[in-house]
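Numbering (our numbering), first residue to last: 7 to 159.
For glycine and all other residues, C-beta sits at the position ideal for the given N, C-alpha and C.
No experiment lies behind these values; they were computed from the predicted model shown.
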Amino acid sequence: MVRPYAYGPSSATLDASLNLYISDVGNFVIRKISTAGIVSTFAGSGTQGYVNGSATAAQFAMPTDVFYNPSDKYVYVADAGNNCIRRISSTGVVSTYAGSNVGGEVDGQLTLARFSSPTGLVIDGTNMYITDSANNAIRKIDMSAGVVSTIYK
Numbered sequence: 007m008v009r010p011y012a013y014g015p016s017s018a019t020l021d022a023s024l025n026l027y028i029s030d031v032g033n034f035v036i037r038k039i040s041t042a043g044i045v046s047t048f049a050g051s052g053t054q055g056y057v058n059g060s061a062t063a064a065q066f067a068m069p070t071d072v073f074y075n076p077s078d079k080y081v082y083v084a085d086a087g088n089n090c091i092r093r094i095s096s097t098g099v100v101s102t103y104a105g106s107n108v109g110g111e112v113d114g115q116l117t118l119a120r121f122s123s124p125t126g127l128v129i130d131g132t133n134m135y136i137t138d139s140a141n142n143a144i145r146k147i148d149m150s151a152g153v154v155s156t157i158y159k
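As structure tokens, then:
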């Protein structure tokens, strides 16, 4: 059950229309506050887990950070509890972008890469930078090539 109030909000981002997206860690969801001030659950069922799919069917384990990428219009999520980077389409469909729910420290193609508690991310247009907390590393995803690398450890 999703609480009707925020329970551990940790990050926020704006889309091109100035809608606000918030990572609600304690509820395992991503909230949306429209420009009209309407608060809704944008993605996540409110149950902790690892499920890709439509907004209400998807599950997160610890969505610690969100970032809207104007280049492809996705909201990206650092899902620390699932050791991966997720993305949400404008219609609320959640998919795993990089890594999986298996932790580790592996560079390479998006689906083969492994993270261990990614807690933050930022996108500069062509690259995504991730704080990979349990690996004590900063990782980079070349978004055009679909390759993860470690740039600082």
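- SER29 sits close to VAL83, with the two beta carbons spaced by under 8 angstroms.
- Residue state for ASN88 is assigned as helix, using DSSP reduced to three classes.
- Its Cα nearest to that of ASN142, the residue PHE121 stands out among VAL99, PHE121, ARG92 and ILE129.
- Secondary structure in the stretch 19 to 90: no alpha helix (DSSP H) run of 4 residues or longer lies completely within the stretch.
- Here SER106 carries a coil assignment [DSSP, helix/strand/coil].
- Apart from sequence neighbours up to five positions away, the residues of its chain that approach ASN58 with a beta-carbon distance below 7 angstroms are ALA64, VAL100, SER101 and THR102, ordered along the chain.
- Within the same chain, Cβ atoms closer than 8 angstroms to the Cβ of ALA67 are found at PHE34, GLN54, GLY55, TYR56, ASP85, ALA86, GLY87, ASN88 and ASN107, the five residues on either side in sequence being excluded.
- DSSP, reduced to helix, strand and coil, places ALA143 within a strand of the structure shown.
- Going by C-alpha positions, LEU118 is about 12 angstroms away from SER155.
- Of the candidates VAL128, SER17 and SER96, the residue whose Cα lies closest to the Cα of THR70 is SER17.
- Cβ atoms of ALA61 and PHE48 come within 8 angstroms of each other, at about 6 angstroms.
- If you check the CB distance, GLY105 and ILE94 do not come in under 8 angstroms.
- Approximately 24 angstroms separates the beta-carbon atoms of GLY114 and VAL81; this is outside 8 angstroms, ruling out the contact.
- Counting along the chain, the unbroken beta strand (DSSP E) around MET134 starts and ends at 133 to 138.
- Rounded to whole angstroms, PRO124 and PRO76 show a C-alpha spacing of 21 angstroms.
- In the assembly as shown, LYS159 is an exposed residue. Its beta-carbon has fewer than 16 other beta-carbons within 10 Å.
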